[in-house]
Structures are given as C-alpha cells and as structure tokens.
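Encoded as structure tokens, the structure appears first; notes follow it.
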Amino acid sequence: MKKGVPTYLVTVLLFALACSLTSASDPSPLQDFCVASKDSNEFVNGKFCNDPMRATANDFFFSGLDKAGDTSNRQGSNVTAVNVDNLAGLNTLGISVARIDFAPYGLNPPHTHPRGTEVIVVLEGTLYVGFVTSNIDNRNRLFTKVLNKGDVFVFPVGLIHFQWNMGNTNALVFAALSSQNPGVITIANAAALVP
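Using this note's numbering, the first residue of the sequence shown is number 913, and each one after it goes up by one.
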C-alpha cells in the first residue's frame, strides 16, 4: 500500500486556501479617481464616473465637520456622514468618514454597517462602546470598553454596535468606515418592521 496525502485532504486544503484569498470589501479602483456622476438615472452597484478631465478640486472637498450636529433629539446624538452621496470624489476609494456628536448621556443606538468596518477616535468626553458578535456556537458575545479622549476602537463589519456618552458633558467622536457607502441599519427601527 502506497502512503501519501489523501485526495480529500488536498481538496480541503485547496478550498481553504481559495477562501482565504477572497475579499469582502469595495473593489480597488481601476483609475486614479472616479468622481461620482449625479446625472445618471441608471442603477449600478456604486456610482458611474464623470469624465476625469472635468474633475475639479471641489469634487474632493467637503466642508462642515468643524460644526457640532444638533443633539436635541430623543437619542441625544447626531451623525454627520461624509460618504459618496455628499463627496463625489470618494467614489471607488472604499472609505468614508463621520462626525458623531453626543449630548450628555446621549446614545448612538445599536446599529450595524452591512458594508463597512468602523473605527472611531474620541476627541472629547467619555464613551461606553461595544459590539455583539454573530451567533458563534449558539451564543453571542458582547465586547465593551470605556473610551476617553484619544482612545480608538474598531467595530467589525456588519456587527451590531453602539456608543453611549456616559458623562455629563458633550462628547465628540470621529469615525472612518471602510466603504464609500457603508450603509446603516438601526436595530430598533428595523425590528419594528418585522411582523
């Protein structure tokens, strides 16, 4: 009997290798930039490009993240998102940013970004943040941390997460997301739609 590596083992190893090479993020751009066209009525996964010869510096510019958002709502928070919908130069670049303002004890309620990982940095205040893992071995896990000025925390793509200002002063966070359009699903709003 000849000894060797069983065929099924080689097949499983090749399949595992192939799976490890797949990517679940925005595709890499095929040119220097692709300023999103606002004139197209066609629906595609992403945005059509304007002629690069017509691009201007304003296509890559957004102003306003220096201004606090209105936090006089039930949650006591406000998200000012900068994504491909309001900064056309982000098209195909796989990134977006947001400013998140919190009133004292304000909450950015449990939500998920189905198409992007989120990294936050605290500029002011003290936040209690966390995320819940998927249902691994029939149990979810909650990861939480208290963050202070200068601290950074990451929320993996697609996982439910939250930020709560646990202090009696305003808090300010800046976020970067790994998609030009990460999407957002607020869990309470989505659950209210389920019959």
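Here a beta-carbon is modelled for each residue, glycine too, at the ideal position from N, C-alpha and C.
Return helix, strand or coil for F973, following the three-state DSSP convention. Locating residue 973 in the sequence shown gives position 61, counting from the first residue. In the structure shown, F973 sits in coil (DSSP, three-state: anything other than H, G, I, E or B).
Contact defined as beta carbons within less than 8 Å: I believe V994 pairs with F974. What is the distance between those atoms, to the nearest angstrom? Position 82 of the sequence shown, counted from the start, is the residue given in the question as residue 994. Position 62 of the sequence shown, counted from the start, is the residue given in the question as residue 974. Contact holds; Cβ gap of about 5 Å.
Can you tell me which of the three DSSP states G1001 falls into? Here residue 1001 corresponds to residue number 89 of the sequence shown, with the count starting at 1. It is helical.
Residue nearest to L1071 in terms of C-alpha spacing, selected from Q1092, D1063, E1030, A1102: Here residue 1071 refers to the residue found at position 159 when the sequence shown is read from its first residue. The residue with the shortest Cα to Cα distance from L1071 is E1030.
Determine whether the beta carbon atoms of V899 and L1039 lie at a separation below 9 Å. Nothing can be reported for residue 899: it is not among the residues displayed for the chain, which extend from 913 to 1107.
Using only alpha-carbon positions, find the residue among D951, F945, P1021, A1010 that is nearest to N985. The residue given as residue 985 occupies position 73 in the sequence shown. Of the candidates D951, F945, P1021, A1010, the one whose C-alpha sits nearest the C-alpha of N985 is P1021.
Where does A1010 sit, in a helix, a strand or coil, going by DSSP? Taking the first residue of the sequence shown as position 1, residue 1010 is located at position 98. It is a strand residue.
Beta-carbon proximity of I1032 to Q1075, cut-off 9 Å: Looking up residue 1032 in the sequence shown gives position 120. Looking up residue 1075 in the sequence shown gives position 163. Going by C-beta atoms, I1032 is nearer than 9 Å to Q1075.
Residues that DSSP places opposite G1042 in a beta bridge: To locate residue 1042, count along the sequence shown from 1; it is residue 130. Paired residues: T1056, F1074.
Between A967 and T992, how many whole angstroms is the CB-CB distance? I'm expecting something under 8 Å. Position 55 of the sequence shown, counting from 1, holds the residue named residue 967. Position 80 of the sequence shown, counting from 1, holds the residue named residue 992. The pair is not a contact, with the Cβ atoms about 24 Å apart (cut-off 8 Å).
From the DSSP secondary-structure annotation, give me the bridge partner or partners of L1019. Indexing the sequence shown from 1 puts residue 1019 at position 107. Partner(s): W1076.
If we ignore side chains and look at the alpha-carbon of each, how far apart do G1095 and G976 end up? Walking along the sequence shown from the start, residue 1095 turns up at place 183. Walking along the sequence shown from the start, residue 976 turns up at place 64. So the alpha carbons of these two residues sit roughly 21 Å apart.
Near L933, what residues of its chain come up, given a Cβ to Cβ distance below 7 Å and the 5 sequence neighbours on each side ignored? Residue numbering aside, residue 933 sits at position 21 when the sequence shown is read from its first letter. For L933, the predicted model reports a pLDDT of 48, less than 50, meaning its position is unreliable and no value from the coordinates is stated.
Alpha carbon to alpha carbon, what distance is there between A1015 and S989? Here residue 989 is taken as the residue at index 77 of the sequence shown, counted from 1. Here residue 1015 is taken as the residue at index 103 of the sequence shown, counted from 1. For S989 and A1015, the distance between alpha carbons rounds to 6 Å.
Going by CA-CA distance only, name the one from N1047, L942, I1012, K979 that's closest to T1004. If you number the sequence shown from 1, residue 1004 lands on position 92. It is L942 whose Cα lies nearest to the Cα of T1004.
Between the Cα of A1083 and those of T1056, L1035, N1047, spot the shortest distance and give me the residue it belongs to. Residue mapping note: residue 1083 aligns to position 171 of the sequence shown, counting from 1. Checking every option, the nearest Cα to that of A1083 belongs to L1035.
On the DSSP letters alone, give me the boundaries of the beta strand (DSSP E) that N995 sits inside. In the sequence shown, residue 995 corresponds to position 83, counting from 1. Neither: N995 is in no beta strand (DSSP E) and is coded neither H nor E.
Determine the closest residue to A1000 out of D971, G1018, R1027, with distance taken between C-alpha atoms. The sequence position of residue 1000 within the sequence shown is 88, counting from 1. Nearest of D971, G1018, R1027 to A1000, Cα basis: D971.
Let's see if you can read the secondary structure: which residues bound the beta strand (DSSP E) around A1083? Looking up residue 1083 in the sequence shown gives position 171. Element bounds for A1083: 1083 to 1089.
So, at 8 Å on beta carbons, what are the nonlocal neighbours of Q987 in its own chain, with the 5 sequence-adjacent residues on each side left out? The residue you call residue 987 lines up with position 75 of the sequence shown. Cβ neighbours of Q987 beyond the five flanking positions: G1018, L1019, N1020, P1021.
Select from S1091, T1024, V1041, A969 the residue whose C-alpha is nearest the C-alpha of G1079. Counting from 1 along the sequence shown, the entry for residue 1079 is found at position 167. Residue V1041 is the option with its Cα nearest to G1079.
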